[in-house]
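Here it is as structure tokens:
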């Protein structure tokens, strides 16, 4: 361990980020924080930039960056931009040789894997086209850095650039160099100066490497590191895909959804009984308890059996990585498969069902049909989510876990039967129809999906094709929202619309029969206007791209009272029957044996 300045840290080294490391993930705010650190160092003196954990097998060999790759990548981009902006060729050449590419030693810092050629081309100002989310972040951040450096030039020219370079290269870091890369990875868990808790995924990686290093002679160190690198990159892809305009998946596109959530999902779906390991026993598990009550005890119990320990680490690591790939595959399918788009983007599948869905994806079962039901397992998951998690509003984790936990023992038909039984237990037909007709559904998490079903049915009746993924993306990008036909705050006499009093109006206004899907801009324009105004104005309902909105306008236009209490009740009853038929517990082609089996379990 030694304290270094950036100048001495770069001296005599060829720094390399291994291909198994996380993809580049810094955002613009991280860049701005780095600039603030340098500005503070200029004003008040030296500044500590953090710890770098390195691995170098022998003098003269490349130095692998185990921790600190995000900062080093960004520092290299900043140094490159500052050096490029220098006016004096002599100074520019000397600095370039010290920090970017030495005539004797070659490239001073490089990233291996998919980003290697892109990164070097970017620093050489060849403007390469990004082909991944990580490359896009590299390009965006490098552009932001260059714009900030351009501003420095405008403020103070060459002297200010020299001041920045002198300050930056004198800033201090703490350097750890360990010849054994596996031990360096373990050190990463111990030495954490980043000011934030380590992600449990990082600790799991370090723990697995520790047991490989300590009890298996380090033979799985590289395998573990490579697999986790793949998992980290898959997760970055998932986050970027789920944040894309028109494809936003609310459960994933939030800061709180992190890699540790997928670690927990995997625990709930992992079967380690072949190794004598009881995984998934706690359906209330957190990522912390996965580590403390499952993985640590499992590894401790197997350490005296090297062959079993080796097999378990290989199996667990591979299966965990596959789980990240499985989630990525499902999220990517929203671009090509309308049913998946509806399930994840529009319906916002409940998080409790994610472990089951990911395992079904990995088994190749999502689109499979059993011999007792004509629907795929994905369609039955959709039914389960709508009936139980959305309409019922409950979260029976234990029941979902019992299906997920025993998937290795079940057939496709048996999974289908259990999902139907699950729906029958928590949301039978009579209760479903009753809730659809009489409950307040305005804030229900499934109302968008239900109203889209009305839209699909109307288009089929006209007949018109269902909205394509492209159309759905356009609607969602524009902010499709839930509109009240009769407004939430009426400015008219409600008695004229069939309501006895304000209490009765309040009981009806949030029911399904009073709700429509409408473009956000039109919804704002409608505000609390009367139904008569909304159905006759060319700039309101009549200008919507939703067929259900135009149909309502067509049927109510010209009436003295465009929509009354009885219309809410009639439409609500019609939609209740339609939705119950669309998401039945038993499909029309379910044979008698399958129906009897599900009824018996219920």
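Numbering (this note's numbering), first residue to last: 64 to 665. Glycine included, C-beta positions come from ideal geometry on N, C-alpha and C. The model shown is predicted, which means the values in this text are computed figures rather than measured ones.
- Residue 599 and residue 589 have their C-alpha atoms roughly 12 Å apart.
- Scanning the stretch 537 to 615 for uninterrupted alpha helix (DSSP H) segments of 4 residues or longer gives 565 to 572, 583 to 589 and 594 to 599, listed from N- to C-terminal end.
- A distance below 7 Å between beta-carbons, with the five flanking residues on each side excluded, links residue 110 to the following residues of its chain, in chain order: 100, 103, 104 and 234.
- In this structure residue 168 is exposed. Its beta-carbon is surrounded by fewer than 16 other beta-carbon atoms within 10 angstroms.
- For residue 111, the uninterrupted beta strand (DSSP E) segment begins and ends at 111 to 118.
- A check of alpha carbon separations from residue 112 across 634, 399, 67 and 491 identifies 67 as the nearest.
- In this structure, 436 is the residue among 509, 436, 604 and 463 with its C-alpha nearest to the C-alpha of residue 480.
- A distance of 7 Å or more separates the beta carbons of residue 396 and residue 314.
- Bounds of the beta strand (DSSP E) holding residue 66 are 65 to 68.
- For residue 625, the three-state secondary structure derived from DSSP is coil.
- One alpha carbon belongs to residue 187, the other to residue 160, and they sit about 14 Å apart.
- Around the Cβ of residue 269, a 10 Å sphere holds 16 or more other Cβ atoms; the residue is buried.
- When the alpha-carbon of residue 349 is set against those of 263, 376, 295 and 361, the nearest one is in 263.
- The Cβ-Cβ distance between residue 642 and residue 440 does not fall below 7 Å.
- Its Cα nearest to that of residue 209, the residue 190 stands out among 611, 190 and 318.
- Comparing alpha carbon positions, the residue from 611, 575, 613 and 602 closest to residue 629 is 575.
- For the pair residue 202 and residue 185, the Cα-to-Cα distance works out to about 7 Å.
- With respect to the 7 Å criterion, residue 611 and residue 521 are classified as neighbours on the basis of their beta carbons.
- Under DSSP, the beta-bridge partners assigned to residue 169 are 165.
- From the listed residues 307, 536 and 518, the smallest Cα separation to residue 528 is found for 518.
- Every alpha helix (DSSP H) stretch that sits fully inside the stretch 252 to 312 and reaches 4 residues is listed by chain position as 263 to 278 and 284 to 306.
- Residue burial is scored here from C-beta neighbours: residue 288 has at least 16 other C-beta atoms within 10 angstroms and is therefore classed as buried.
- Between the C-alpha atoms of residue 443 and residue 142 there is a straight-line separation of about 55 Å.
- Of the residues 434, 616, 353 and 513, the one whose Cα lies closest to the Cα of residue 476 is 434.
- With 16 or more other CB atoms across the displayed protein chains lying within 10 angstroms of its CB, residue 265 is buried.
- Distances from the alpha-carbon of residue 469 to those of 332, 431 and 379 put 332 closest.
- By the C-beta density criterion, residue 271 is buried, having at least 16 other C-beta atoms within 10 angstroms.
- Restricting attention to alpha helix (DSSP H) runs no shorter than 4 residues, the stretch 418 to 486 encloses them at 440 to 447 and 460 to 468, ordered along the chain.
- For residue 101, the enclosing alpha helix (DSSP H) has its first and last residue at 91 to 107.
- It is roughly 15 Å from the alpha-carbon of residue 124 to the alpha-carbon of residue 165.
- Judged by DSSP in its simplified three-state form, residue 182 adopts helix.
- Nearest C-alpha to residue 609 among 546, 97, 324 and 355: 546.
- DSSP, reduced to helix, strand and coil, places residue 235 within a strand of the structure shown.
- Taking the Cβ atoms as the reference, residue 328 lies roughly 16 Å from residue 291, outside the contact range of under 8 Å.
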